[in-house]
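Student:
Numbering (this note's numbering), first residue to last: 305 to 426.
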């Protein structure tokens, strides 16, 4: 499997490799799935951070003897939102992984161009 960073930073190299191999592959779909997965992961991380902040606010309110019911209600909503975002992240990762597993590995420059060993010069 190709490193996701290579896919993001050097998609032209991946396209060239696919061309040299004679493989038809929808690289744009894979790049899009990677971007979607990263956006979903970022949103889930932000929601997790918010839930944790609310948890600390609840603890501080209880420690000081104040009313934490508003924070608790907001924390429940944040937890539900986090669950939904985590489900979206898992789904996006599944799409990315399915596409990435079907992408052939990068070939070394010394490998002859062609779809199989019939292109080798003897």
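In this text, a Cβ means the ideal position worked out from N, Cα and C, and glycines have one as well.
Only a predicted model underlies this, so the values are computations on that prediction, with no experimental measurement involved.
Below 8 Å on the Cβ atoms is my contact criterion, and I expect residue 342 with residue 379 to pass it. Report the Cβ-Cβ distance as a whole number of Å.
Tutor: Residue 342 sits at position 38 when you count from the first residue of the chain shown. Residue 379 sits at position 75 when you count from the first residue of the chain shown. At roughly 26 Å, the Cβ-Cβ gap does not stay under 8 Å, so residue 342 and residue 379 are not in contact.
Student: Excluding the 5 residues preceding and the 5 following residue 317 in the sequence, name in chain order all residues of the same chain whose CB lies nearer than 8 Å to its CB.
Tutor: Your numbering for residue 317 matches position 13 in the chain shown. So the list reads 310 and 410, once near-sequence residues are dropped.
Student: To the nearest angstrom, how far is the alpha carbon of residue 371 from that of residue 365?
Tutor: The residue given as residue 371 occupies position 67 in the chain shown. The residue given as residue 365 occupies position 61 in the chain shown. Taking the straight line joining both Cα atoms gives about 6 Å.
Student: What residue range is occupied by the uninterrupted alpha helix (DSSP H) comprising residue 412?
Tutor: Start at 1 with the first residue of the chain shown, and residue 412 comes out as number 108. First-last for residue 412: undefined, no H or E at that position.
Student: Taking its Cβ as the centre, do 16 or more other Cβ atoms sit within 10 Å of residue 412, making it buried, or is it exposed?
Tutor: Mapped onto the chain shown, residue 412 falls at position 108. Classification for residue 412: exposed.
Student: Can you give the beta carbon distance from residue 393 to residue 351, rounded, assuming they're within the 8 Å contact cut?
Tutor: As a working note, residue 393 is residue 89 in the chain shown. As a working note, residue 351 is residue 47 in the chain shown. Not a contact, Cβ separation roughly 10 Å.
Student: Pull up the CB-CB distance for residue 334 and residue 322, whole angstroms please, since I reckon it's below 8 Å.
Tutor: Walking along the chain shown from the start, residue 334 turns up at place 30. Walking along the chain shown from the start, residue 322 turns up at place 18. 11 Å between Cβ atoms; not a contact.
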